[in-house]
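Okay, structure first, notes after.
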DNA sequence: TAAAATTACTTAGTCGCCTAACTAAATTTC
DNA sequence: GAAATTTAGTTAGGCGACTAAGTAATTTTA
């Protein structure tokens with residue numbers, strides 16, 4: 042009986058939601074100079090400035106190669122600054138500039154807007170429940 | 042009181058889940074010749090063969106430019122076949138080849154595996170509930 | 001202490017996805 | 001019926017993400 046049709050897969054719902062969420066987010070971000078995955082980097086830097094690239098890689102769940110190019114672009118834009126670590130010359134540390142901090146303030150607003158949009162028709166109970174269920178899913182995928 | 046921290050945003054949970062889901066999916070797909078968004082195209086073609094490009098664009102929630110390149114690559118791979126419509130010469134129709142049908146069978150297996158992974162620790166009730174809540178979110182974003 | 005293995009990135013090349021600008025064909029409208 | 005508009009796709013160029021292969025520095029190990 043557990044035979045579900047693919048269009049009802051939770052996985053597919055997540056994919057569709059992911060696409061719509063990203064599209065909406067990109068619309069909001071397009072009014073700033075921030076690009077699609079850079080918001081997350083700014084977020085983690087806002088939690089702890091001067092992190093190593095590896096630390097960001099781990100938190101952001103992306104590859105070194107991805108963040109390497111991203112950091113270059115964001116440094117060119119003047120949002121962050123990359124500096125070689127003095128004690129371990131293999132590693133680089135990433136710092137937010139003032140421009141980056143301003144950019145992050147925009148990100149925080151946009152994230153708030155996104156969250157409101159996503160939870161628009163949910164009661165507080167439903168919201169809490171959804172959060173709990175998604176945390177289970179996250180654990181299943183980790 | 043509704044002031045939630047960003048790390049608790051449902052939006053952020055969705056982003057994290059989306060990344061992990063895609064990573065897992067890519068691991069499974071990497072054993073085939075199918076790439077990350079091509080599975081969805083094959084799915085929609087499996088529901089209705091010979092669709093126009095515009096029809097696929099709408100269902101897949103992506104841009105013409107994106108699918109245009111994707112179709113070229115998949116046609117080169119021999120999974121699909123693109124043909125100009127006879128009555129309306131602006132439009133093209135996309136058909137699955139035998140190789141594409143075989144590829145889709147792999148996709149269906151992989152999707153089943155993904156769904157099992159995602160719902161691993163959920164009871165049937167939780168699964169149903171999550172599906173309902175996600176459908177609300179989907180509507181909020183549409 | 002010199003060689004081997006690991007760690008931290010970078011570079012090159014591919015794909016998905018986007019926007020902007022373009023071509024070509026069909027439809028509207030005047 | 002000709003001009004204006006809309007529709008359908010393509011091309012060019014940019015970013016996020018990945019893999020594979022490379023470099024350089026640090027740590028292990030023999």
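Residue numbers (our numbering), protein chains in the order written: chain V, 42 to 183; chain A, 42 to 183. Glycine included, every Cβ here is placed at the ideal spot set by N, Cα and C. The structure displayed is predicted, hence computed values, not measured ones.
Under three-state DSSP, which class holds residue 43/V?
Residue mapping note: residue 43/V aligns to position 2 of the first chain, counting from 1. Because residue 43/V carries a pLDDT of 49, less than 50, the predicted location of this residue cannot be relied on, and no value is offered for it.
Thinking C-beta only, is residue 143/V closer than 8 Å to residue 134/V?
As a working note, residue 134/V is residue 93 in the first chain. As a working note, residue 143/V is residue 102 in the first chain. Their beta carbons are not under 8 Å apart, which means residue 134/V does not touch residue 143/V by this criterion.
Going by the DSSP bridge assignment, what does residue 137/A pair with across the sheet?
Residue numbering aside, residue 137/A sits at position 96 when the second chain is read from its first letter. DSSP output for residue 137/A lists 121/A as bridge partner(s).
Tell me which residues share the same chain as residue 42/A and place their Cβ nearer than 7 Å to its Cβ, disregarding the 5 neighbours each side in the sequence.
On the second chain, position 1 is the one that residue 42/A refers to. Unreliable positioning characterises residue 42/A in this predicted model, as indicated by a pLDDT of 47, which lies under 50. The coordinate reading is nonetheless provided below. Correct list: empty, nothing qualifies.
Could you say which of 77/A, 71/A, 73/A lies nearest to residue 59/A if we only look at CA atoms?
Sequence index remark: in the second chain, residue 59/A carries index 18 (1-based). The alpha carbon of residue 59/A has as its nearest neighbour, out of 77/A, 71/A, 73/A, the alpha carbon of 77/A.
Please state whether DSSP places residue 93/A in a helix, a strand or coil.
For this step, residue 93/A is matched to residue 52 along the second chain. Residue 93/A: strand per DSSP, three-state reduction.
Would you call the segment 108-123 of chain A and the segment 157-165 of chain A in contact, with 3 or more CB pairs under 8 Å?
Touching, no.
Alpha carbon to alpha carbon, how far is residue 63/A from residue 107/V? Give it in angstroms, no decimals.
Within the first chain, numbered from 1, the residue matching residue 107/V stands at position 66. Within the second chain, numbered from 1, the residue matching residue 63/A stands at position 22. Looking at the two C-alpha atoms, the distance is approximately 15 Å.
Taking its Cβ as the centre, do 16 or more other Cβ atoms sit within 10 Å of residue 80/V, making it buried, or is it exposed?
In the first chain, counting from the first residue as 1, residue 80/V sits at position 39. So residue 80/V counts as buried.
Here's the rule: buried if 16 or more other CB atoms are within 10 angstroms of the residue's CB, otherwise exposed. What is residue 141/V?
Here residue 141/V refers to the residue found at position 100 when the first chain is read from its first residue. By the Cβ-count criterion, residue 141/V is buried, with 16 or more other Cβ atoms from all chains shown falling within 10 Å of its own Cβ.
Got a sec: is the Cβ-Cβ distance from residue 77/V to anything in chain A below 8 Å?
Along the first chain, read from residue 1 onward, the residue named residue 77/V stands at position 36. Chain A, which has no Cβ nearer than 8 Å to the Cβ of residue 77/V, makes this no.
Give the residues of chain A in contact with residue 180/V, contact being defined as C-beta atoms less than 8 Å apart.
Here residue 180/V refers to the residue found at position 139 of the first chain. Within 8 Å Cβ-Cβ: 162.
What is the DSSP secondary structure of residue 163/A, counted as helix, strand or coil?
Mapped onto the second chain, residue 163/A falls at position 122. If DSSP states are grouped into helix, strand and coil, residue 163/A belongs with coil.
Residues of the segment 58-90 of chain A with a CB closer than 8 Å to any CB of chain V: list them in chain order, please.
Cβ contacts with chain V come from 58, 59, 60, 61, 62, 64, 65, 81, 84.
Nearest chain V C-beta to residue 168/A closer than 8 Å, yes or no?
Along the second chain, read from residue 1 onward, the residue named residue 168/A stands at position 127. With 8 Å as the cut-off, residue 168/A counts as an interface residue toward chain V.
Can you give, in chain order, each stretch of the beta strand (DSSP E) that sits fully within the segment 55-82 of chain V and has at least 3 residues?
Counting whole runs of 3 or more residues, the segment 55-82 of chain V contains no beta strand (DSSP E) stretch at all.
Residues in its own chain within less than 7 Å of residue 65/V by CB, not counting five upstream and five downstream?
Here residue 65/V is taken as the residue at index 24 of the first chain, counted from 1. Excluding sequence neighbours, residue 65/V sits near 155, 158.
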